[in-house]
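For any residue, its number in the numbering used here is found by taking its place in the sequence shown, counting from 1, and adding 4. Backbone N, C-alpha and C define an ideal beta-carbon position, used for all residues, glycine too. Each remark here refers to the structure printed beneath this line.
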Amino acid sequence: MHSLKYLQGYSAETLAKVEKLIAEQTLGNLLLKRYPNIHEIRTDGALYKYTQKIKTDFMGKTQPLNRVTYDSKIKVIQHALGQHHYISRAHGGKLKTVNEIRIASLFRAVPEAFLKMIVVHELAHFKEKEHNKAFYQLCCHMEPQYHQYEFDLRLYLTQVDLFGDIYHE
């Protein structure tokens with residue numbers, strides 16, 4: 005039995021299916037079949053535009069995004085897939101708010117579904133700070149396949165840990 009650290013909380017039945025895929029070494033093939041292509045959003049500028057479009061389409065008049073970047077300092081295993089920062093600073097007599105999203109550099113060359121899931125997740129945190137029902141409803145509003153993409157991303161991270169990256173070979 006492998007340590008399925010990215011899949012904690014899933015049912016025993018689901019974990020057994022994943023273990024079978026691992027034992028048969030077919031997890032990577034399953035992911036490649038579902039998601040054969042990687043996205044073209046390589047630069048921070050392109051990532052900002054991509055994120056801004058999703059924000060504009062689904063979140064309307066929330067605070068503006070100041071920066072969206074790929075961050076090589078985010079280590080997926082120790083930290084998270086992405087980070088959101090909401091900082092208020094007094095600047096002169098005015099209060100200035102800065103909204104930033106940082107996405108782990110690992111996701112610079114993965115299927116768009118995985119990138120979108122992370123972007124949607126981080127955007128949702130600007131409205132809902134906690135991982136509660138309202139948070140996940142907002143995620144699903146922005147991306148109806150959110151839960152499937154999250155699960156498949158967790159499968160991908162398991163694949164990377166055990167066998168290496170199928171998209172960077």
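Check                                                                                              : Outcome
Coil, strand or helix - His83 by DSSP                                                              : Summary for His83: the model assigns pLDDT 47, below 50, so the residue's position carries little reliability; its value from the coordinates is reported in the next sentence. DSSP places His83 in coil when its eight states are reduced to three.
Proximal residues to Ile81 (C-beta, below 7 Å), its chain only, five neighbours per side dropped   : At Ile81, the pLDDT of 49 sits below 50, so the modelled position is not reliable and the matter cannot be decided from this model.
Of the listed residues Leu110, Lys131, Val123, Gly13, nearest to His172 (C-alpha basis)            : Leu110
Contact belief for Leu127 with Ile58 at Cβ below 8 Å, rounded distance in angstroms                : 6 Å
Nearest candidate by alpha-carbon position, reference Ala20, set Val164, Phe167, Leu159, Gly168    : Leu159
Pairwise C-alpha distance: Ala27 and Asp61                                                         : 42 Å
Sequence-distant residues of its chain with Cβ nearer than 7 Å to Ala113 (five each side left out) : Ile42, Tyr171, His172
Exposure of Lys120, with buried meaning 16 or more beta-carbon neighbours within 10 Å              : buried
Asp75 - partner residues in DSSP beta bridges                                                      : Ala108
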